[in-house]
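Notes to accompany the following structure.
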Amino acid sequence: MIILFCLNIERRFKLGAFRFVSILNNIRRYSMLQDLPILRNNNIYISTLLKRRPNSIAKFGVSCGLVIRSQSTLVRIKYSMAPGKPVWNLKMEEEPMMFVRQAHSGKPLSKVTVVGSGQVGMACAFSLVSQGITNEIALVDVFKDKLTGEVMDLQQGAAFTPSVKVYGSTDYAVTKDSKICIITAGARQKEGETRLQLIEKNVQILKQVVPELLKYSPNAILMLVTNPVDVLTYCAWRISGRPVGTVIGTGTSLDTGRLKFLIAEKIDISPKNIHIWIIGEHGDNSVPVWSRLQVGGVNIQELNHPSGIKDPKSLDELHTAVVNSAYDIIRLKGYTSWAIGLNVADICRSILHNSRRIHAVSTLVKGFHGVEDEVFASLPCVL
1 MIILFCLNIE RRFKLGAFRF VSILNNIRRY SMLQDLPILR NNNIYISTLL
51 KRRPNSIAKF GVSCGLVIRS QSTLVRIKYS MAPGKPVWNL KMEEEPMMFV
101 RQAHSGKPLS KVTVVGSGQV GMACAFSLVS QGITNEIALV DVFKDKLTGE
151 VMDLQQGAAF TPSVKVYGST DYAVTKDSKI CIITAGARQK EGETRLQLIE
201 KNVQILKQVV PELLKYSPNA ILMLVTNPVD VLTYCAWRIS GRPVGTVIGT
251 GTSLDTGRLK FLIAEKIDIS PKNIHIWIIG EHGDNSVPVW SRLQVGGVNI
301 QELNHPSGIK DPKSLDELHT AVVNSAYDII RLKGYTSWAI GLNVADICRS
351 ILHNSRRIHA VSTLVKGFHG VEDEVFASLP CVL
């Protein structure tokens with residue numbers, strides 16, 4: 001958003017004709033301004049440019065040396081110019097104007113859509129907003145009242161967060177031009193219910209959601225969060241008809257994060273200095289790659305720590321704790337939300353910033369490690 005406040009610059013800046021010609025030459029270099037009459041016709045006010053292209057005038061204002069001060073007047077620069085000849089008349093005038101305000105035009109810079117305003121969906125949205133990872137978030141849900149309440153609640157925290165535009169609707173049209181579409185909609189996992197038992201319910205939801213998202217954002221990255229995430233990521237990929245790499249699931253990235261936390265707690269080290277991967281299927285059948293476990297670059301087998309963490313039994317207990325984490329949280333509070341929300345935000349940051357970071361996400365593993373079938377599972381991937 002650009003706000004221009006201009007007042008009384010005539011007495012501060014005495015622009016000569018030669019200076020103004022130089023400025024106009026600079027303006028010509030901006031291809032976005034080539035269609036404006038200011039570059040072709042005589043006696044055209046700069047205020048015309050302000051009204052038509054408020055985003056572009058910022059560059060012009062800097063070139064002129066304008067000091068933006070007040071919201072009471074708008075300075076107009078009137079000139080006469082013939083093609084190929086120097087400016088012979090230069091005049092500045094003041095025109096009452098409160099302010100010129102224009103939100104960014106065109107496509108959003110990093111719009112993210114979150115489908116589902118449940119606990120997981122809102123945790124994803126909150127994490128994205130609070131960290132300023134995106135500049136625009138669209139929320140979609142079939143439950144209008146709940147969605148409206150969640151959006152209002154998040155919007156009203158705008159004074160305490162980075163500048164992020166948040167809105168929601170039951171109409172998928174609000175998702176237009178999204179860079180990433182996060183799918184969290186689905187039946188909630190109940191206590192004692194495995195992730196695979198959710199599949200029939202959630203596949204039907206997916207068949208409705210994916211085509212709607214691609215209708216308005218055909219080039220978006222689809223990120224599946226709904227469980228069972230590996231199976232549903234495969235289903236979304238087949239439904240979408242998109243290339244491999246444009247449909248991913250959060251996969252074992254959360255499992256990996258949980259394991260890093262538990263190891264870090266055991267040896268009193270920051271989780272960011274724990275290097276380990278959990279691959280395969282998210283949840284019960286995940287596979288920790290113990291041979292690659294390092295603490296600050298030191299292999300676990302070379303680490304002499306009184307906790308006895310390198311003992312095989314100790315490592316197995318840690319993995320069991322990871323597998324049981326979701327079930328324990330669901331038993332205690334009814335659902336999981338915050339860790340997966342932060343995980344999703346971290347993945348979005350890597351994609352939107354093209355940071356080339358490595359995440360254990362669910363992707364097509366056909367052709368890797370002897371897998372010959374179309375299977376989605378988690379491997380370390382560069383995002």
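Everything in the sequence shown is counted per UniProt numbering, starting at 1 for the first residue and increasing by one. Backbone N, C-alpha and C fix where the C-beta goes; we use that ideal spot for every residue, glycine too.
Please state the DSSP three-state secondary structure of Y327. helix
How is Y167 classed by DSSP in three states: helix, strand or coil? The answer is strand: DSSP assigns Y167 an E or B state.
Could you tell me whether any Cβ in chain B is nearer than 7 Å to the Cβ of A187? Looking at the structure shown, chain B is missing, and only one protein chain is on hand.
Since I347 and P380 should fall inside the 8 Å C-beta cutoff, what is the C-beta to C-beta distance between them, to a whole number of angstroms? The pair is not a contact, with the Cβ atoms about 13 Å apart (cut-off 8 Å).
Starting from F376, follow the alpha helix (DSSP H) in both directions and report where the run begins and ends. Here F376 belongs to no alpha helix (DSSP H); instead the beta strand (DSSP E) covers 376–382.
Short Cβ contact (7 Å threshold) for T233 with F143: Contact: no.
For the alpha helix (DSSP H) holding A123, just list the boundary residues, first then last. 119–131
Cα separation between D230 and V289? 19 Å
Suppose you measure from the CA of A264 to the CA of L154; what does that come to, to the nearest Å? Rounded to whole angstroms, A264 to L154 spans 32 Å at the Cα level.
Can you tell which of T256, Q208, I205 has the C-alpha that lies nearest to the C-alpha of A321? T256
Give me the residue from K207, K179, V120 with the minimum Cα distance to I351. Of the listed residues, the one whose Cα sits closest to I351 is K179.
Kindly indicate which residue of T363, T194, Q208, L315 has the alpha-carbon position closest to the one of V382. T363
Just how far apart, CA to CA, sit Q131 and T161? 8 Å
Tell me the rounded alpha-carbon separation between M92 and G118. Residue placement at M92 cannot be trusted, given a pLDDT of 44 that sits under 50; the coordinates are not used to answer.
So what does H275 bridge to, in DSSP terms? For H275, which the question treats as bridged, DSSP gives the partners Q294.
Output the boundary residues of the alpha helix (DSSP H) element that contains I351. 338–352
So, at 6 Å on beta carbons, what are the nonlocal neighbours of L315 in its own chain, with the 5 sequence-adjacent residues on each side left out? W290
At which residue ranges does the UniProt domain "Lactate/malate dehydrogenase N-terminal" (111–249) contain complete alpha helix (DSSP H) runs of 4 or more residues, listed in the order of the chain? Correct list: 119–131, 144–155, 199–216, 229–240.
I'd like to check one pair, V247 with S253: are the Cβ atoms closer than 7 Å? no
Kindly list the residues whose CB is nearer than 8 Å to the CB of T250, restricted to its own chain and excluding five residues on each side of it in sequence; keep chain order. M223, L224, V225, V229, H282, I340, N343, V344, I347, V361, S362
Relative to the C-alpha of L259, which residue among I276, K310, R356 is closest? I276
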